[in-house]
Structures are given as C-alpha cells and as structure tokens.
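Asks: When we follow full-length UniProt numbering, the leftmost residue of the sequence shown carries the number 1, and every step to the right adds one. In this text, a Cβ means the ideal position worked out from N, Cα and C, and glycines have one as well. Supplied in structure tokens, the structure appears directly below.
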Amino acid sequence: MSGAVDTLFIPFATGDIALPGAGQRIAFLNAAVPDALPEGFDRAALLCEQGFRPAFLALERAGYAAVPVFDGAAGDFAAALVLAGKHKGENRAMIARACGLAAPDGTVAVAGDKTLGIQPLRKWTGDRVAIEGSLAKHHATVFSFAAPRDDVFSDMDAGVVLVDGRFETAPGMFSHARPDPGSVLLARHIDERITGDVADFGAGWGYLASHVLERSRPASLAMFEAHYPSLKAAERNVGPLAPGLPVSAHWRDLAAEPVARRFDWVVMNPPFHSGRAAEPDIGRAFIAAASNALKPGGRLLMVANRKLPYEQALAQGFRRVAEKDVEAGYKVIEAVR
C-alpha cells in the first residue's frame, strides 16, 4: 500500500491539485503514512480517518491527526483523499462519502494499487463524474475529479449487509457476507461451561459474542476488535441479546496493546492474514495476549487453520492444551492457563 499512498500525493507535488491554503482542511479516508509529504503541504491540514487500529496508531506516531470515523457536516473539507483497498464495496462507499465530505466542486483524489482493482474503480467512478486528472507511478494509479453538486451516487445502497437475517455487517469487515467457517465450527463448542467474565478476542461483527450470550452463562462480556466499523456493528448486533448484562467493546490492537482486565474465559478466531500472505505471528500474539488476560485456571477456546504452527505458543502460555475438534481445515483448541 506504500506505493499507492505516495502516488496519492504526487498531484500536489506537480501542481495538478492545489496545496491546502491557510485554514483549509483535507479529509483523508483509509489514511496511511506517506514516505513524505510534498514540499509546502501543511501536515496540520490533513485529518485522517482510519478505522484499523494498527494503522491508526501508526498515523498518530507519525504526528498526524487521526480519528476512527469522521463525524462532521457535509462539505466540511476543501478536498478529500481516498486510499483504496482490496474491498470493492468499501472503496465505492468511501468515494461516495468523500464526495459528501468535500465542498461542492472541491477536489476528490483516489489512489490504489494496480493489483487491487484501481482501474475498475476508476471506470466505475468515471461513469458518474468527469475524471479530471490521472497518473500512474509506484505500481499504483491516482485519479481526481471535482466533488459533484448532485448526488450521483444515489444508486448505491447503504452498504449494510444482513447476515443470517440478524447480523448487520458491511463490505470491508472480515467475512462480511457470511459467518467464517472457522467461527461456525467454534460456535458449536460454545456452551454453558463458559461462565464468569468472558472476552471475545478479535470479535469482528459479533458472531461469536452473540453465541456466548445465547448459549453460555457469562457474568460479563468484553469484545476486543482492531477494526472500528466491525466493533460498532458488533455492539449493535449483540446489544439486544443480553439486557442488563455488562457488555463492553474495546477498540484494541491485541498484538501490540496490553489488556488490563483478567477473564475466566477467552474465545477467539484470531486473524492469520495480513494482506495476501499468511502470518502466523498474528495468531501467536493473540495466544500470548489471551494467556496474559486470563486468570489462573482460566480457559482459552479458539479455532485456527489446521496448518498454522501454534503449538509452541500454546505450550508457552498454558498448562494444558487439548484439540477438541477438527473439520474442513480448521481445528478447535481448548487450553487451560
């Protein structure tokens, strides 16, 4: 993604897009840290939206003002930038939102990696607005247009997906169209044994948390998730299931930020991909975080891809480890702290 974010700012360096003037603000959706800003570009003019906690923390460390989601009026910004990702529906929704955030006729610029579908996204946008500028560099493309005065994206739906008739999700969330098979397998093992203070690590949009509330006897439930839109969806999805029960939501990078509370149970389906490559270190970090967050004698119930080598991490963090189930390339593991 670094090539795309640097490409996004090239039109400012060439003068094709004007630098922000005094007092002007520019919205940056799905923001990431560029290698360097163009000469004369005031960093303070950028307000970055980034809902993925690790990337949000990287922006803050680099000195950028960042929020998990913009909360402002239409036309609040002189211009808007969009860094496209791998989810088509999410990219389209961001472009539509950028047009609303920018003042009428303000510049909207969109950049993305050539391997992630930036050309089809450019065509889709060009069917609705006149593309005014476009260039390619760093294996990425950036294009720009004037924010339309009319709602040319009215044909888009709200992007909300309803899974199993009750779970609200949206493009960009993990497994947004249907429950992940690993989570479905793990949910079969959620039962009345799970009591006390319970945590769902990597809660996503709340599929496992909902099963904890419906099938177990928790005294409290804490959901931890790095993707802010997913976490907010999880809050909405589980809210009606346990009136009066303490349910909390925590926007947290579990691989980097410690958990202060101690729990009787942790359930989790940890992520094991970053981009297109499998990264078992993410799962290992989740296992270590679960071990640190559990009370002595507390239990971890997790699902993982069968091929991922988590045995050493589990042995280091837990006294007893048992494989409870294996199906369709997944394994369910229960471990005692």
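(1) Between R25 and chain C, is there a C-beta pair that is closer than 9 Å?
(2) Secondary structure at V212, three-state DSSP: helix, strand or coil?
(3) Tell me whether the stretch 109-121 and the stretch 4-23 touch, counting them as touching only if at least three CB pairs, one residue from each stretch, are closer than 8 Å.
(4) Could you pull the start and end residues of the alpha helix (DSSP H) that L59 belongs to?
(5) Could you say which of E214, P104, W205 lies nearest to L162 if we only look at CA atoms?
(6) Taking 8 Å as the threshold, find out whether the stretch 51-59 comes into contact with the stretch 226-240 through three or more Cβ pairs.
(7) CA-CA distance, A277 and P271?
(8) Determine the closest residue to V152 out of P243, A177, A93, with distance taken between C-alpha atoms.
(9) Since I believe E90 is in contact with G172 (beta carbons under 8 Å), could you give me their beta-carbon distance rounded to a whole number of angstroms?
(10) According to DSSP, simplified to helix, strand and coil, what is A277?
(11) Using the beta-carbon count (16 or more within 10 Å), is A130 buried or exposed?
(12) Using only CA atoms, which one of A234, L19, A27 lies nearest to residue 338?
(13) If you check the beta carbons only, do F77 and R25 fall under 9 Å apart?
(14) Thinking just about the alpha-carbon of each residue, which of G85, A22, A289 is nearest to the one in V142?
(15) What three-state label does DSSP hand P240 in the structure shown?
Replies: With the structure as the only source:
(1) Annotation note: the requested chain C is absent from the structure, which comprises a single protein chain.
(2) helix
(3) yes
(4) 53-61
(5) W205
(6) yes
(7) Below a pLDDT of 50, predicted positions are generally treated as unreliable, and A277, at 49, falls in that range; the measurement from the model is reported next regardless. Their backbone Cα atoms lie some 11 Å apart in a straight line.
(8) Considering only alpha carbons, the answer is A93.
(9) 3 Å
(10) Confidence at A277 is low in this model, with a pLDDT of 49, below 50, so the placement of that residue is unreliable and no value is reported for it.
(11) With fewer than 16 Cβ atoms within 10 Å of its Cβ, A130 is classed as exposed.
(12) Here the chain covers residues 1 to 337 and nothing more, so residue 338 does not appear.
(13) yes
(14) G85
(15) helix
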